[in-house]
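>
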Amino acid sequence: MPQEVQGIVARAKGQPVTLETIVVPDPGPGEAVVQVQACGVCHTDLHYREGGINDEFPFLLGHEAAGVVESVGDGVTNVSPGDYVILNWRAVCGNCRSCLKGKPWYCFDTHNADQKMTLADGTELSPALGIGAFAEKTLVHSGQCTPVDSSAPATAAGLLGCGVMAGLGAAMNTGGVGRGDSVAVFGCGGVGDAAIAGSHLAGASTIVAVDIDDRKLEWAKQFGATHTCNANDTDAVEYIKSV
Ligand SMILES: [Zn+2]
Ligand SMILES: [Zn+2]
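Per the working numbering, the sequence shown starts with residue 91, numbered consecutively.
#1: Specify which residues have a beta carbon nearer than 5 Å to any heavy atom of ligand 1, listing them in chain order.
#2: Whether or not the region 198-205 and the region 242-259 are in contact is what I'm after, with contact meaning three or more pairs of Cβ atoms, one per stretch, closer than 8 Å; do they touch?
#3: To which residues does DSSP link A256 through a beta bridge?
#4: What do you reckon, is the C-beta of C189 under 7 Å from a heavy atom of ligand 2?
#5: Does DSSP put G251 in a helix, a strand or coil?
#6: Between the Cα of A246 and those of C129, V158 and Y138, spot the shortest distance and give me the residue it belongs to.
#7: Is C186 near ligand 3, judged by its Cβ being under 7 Å from some heavy atom?
#8: Pick helix, strand or coil for A102, following the three-state DSSP scheme.
#9: Can you tell me whether W309 is buried or exposed, with buried defined as 16 or more other CB within 10 angstroms of its CB?
#10: Out of V175, G120 and D271, point me to the one whose CA is closest to C183's CA.
#11: Any chance you could list the alpha helix (DSSP H) runs of at least 4 consecutive residues sitting entirely within the region 99-174, in chain order?
#12: DSSP three-state call for Q93: helix, strand or coil?
#13: Considering only residues of the same chain and omitting the five flanking positions on each side of Q234, which have a CB-CB separation below 6 Å?
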């Protein structure tokens, strides 16, 4: 039986979001219904509401979530009901040239759930980044579910699905930070702090955190920044050169 839950929807460009009744279908082949326990608020959700991603309103927002698998469809083997999972944007195929080369981030055949969640009147929803987790439950492809340690609080684990990956990946993969490197990170919010943590994990010896908020610079130290620079009262470029 399809279920009705509450969710946060952006109905039209630039308009305030609204709490709506969402119809979540039973999971079809390869799909899973997840009970959302926590979901971060990311700037990309604002981009969706502002029409900056595409015009496929209404959007079911939210994409940094952790929760528990409630039910799975036919053929699902990677997760089972009761599993504690985080959600990622797209499931990879596991069989294409990129997946077989161990580079699933270049997968040629990624996918989300085939079925659509809808508003109560049947209007199809576009889930933000294929997730739509500002809702009590959401329907995803099972490959979007990654089991994680159930002792991790959902409010922290969910962030792995977007902000942490974005920053950590920028440092460790895109930026290729390595042992002994010097790194400067401009902007020490969630993504910036994750980039600092990624640089630290990769063995960077000098990590300069740049922000205009002393409180954030203090937090940056906890993630591995070795130096901090408040760009309001210091020339950041000159400071970085001097380190
Ligand atoms: Zn995000
Ligand atoms: Zn693939």
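Think of the CB as a built atom: it goes at the ideal place given N, C-alpha and C, for glycine as much as any other residue.
Reading from the atomic positions:
#1: C132, T134 and C252
#2: no
#3: Counted from its first residue, the sequence shown places residue 256 at position 166. When DSSP reads this structure, A256 sits in no beta bridge, so it has no partner.
#4: What you label residue 189 is simply residue 99 of the sequence shown in a count that begins at 1. Answer for C189: yes, Cβ within range of ligand 2.
#5: Counting from 1 along the sequence shown, the entry for residue 251 is found at position 161. Helix, per DSSP.
#6: Against the sequence shown, residue 246 aligns to sequence position 156. Of the listed residues, the one whose Cα sits closest to A246 is C129.
#7: For ligand 3, the structure offers nothing, since it holds only ligand 1 and ligand 2.
#8: As a first step, residue 102 must be located in the sequence shown, where it is residue number 12. DSSP places A102 in coil when its eight states are reduced to three.
#9: Here the question's residue 309 lines up with position 219 in the sequence shown. Answer is buried; the Cβ neighbour count reaches 16.
#10: Numbered from 1 along the sequence shown, position 93 holds the residue referred to as residue 183. Among V175, G120 and D271, the Cα nearest to that of C183 belongs to G120.
#11: 133-139
#12: Numbered from its first residue, the sequence shown carries residue 93 at position 3. It is a strand residue.
#13: For the purposes of this step, residue 234 is identified with residue 144 of the sequence shown, where counting begins at 1. Cβ neighbours of Q234 beyond the five flanking positions: L177, N178 and A181.
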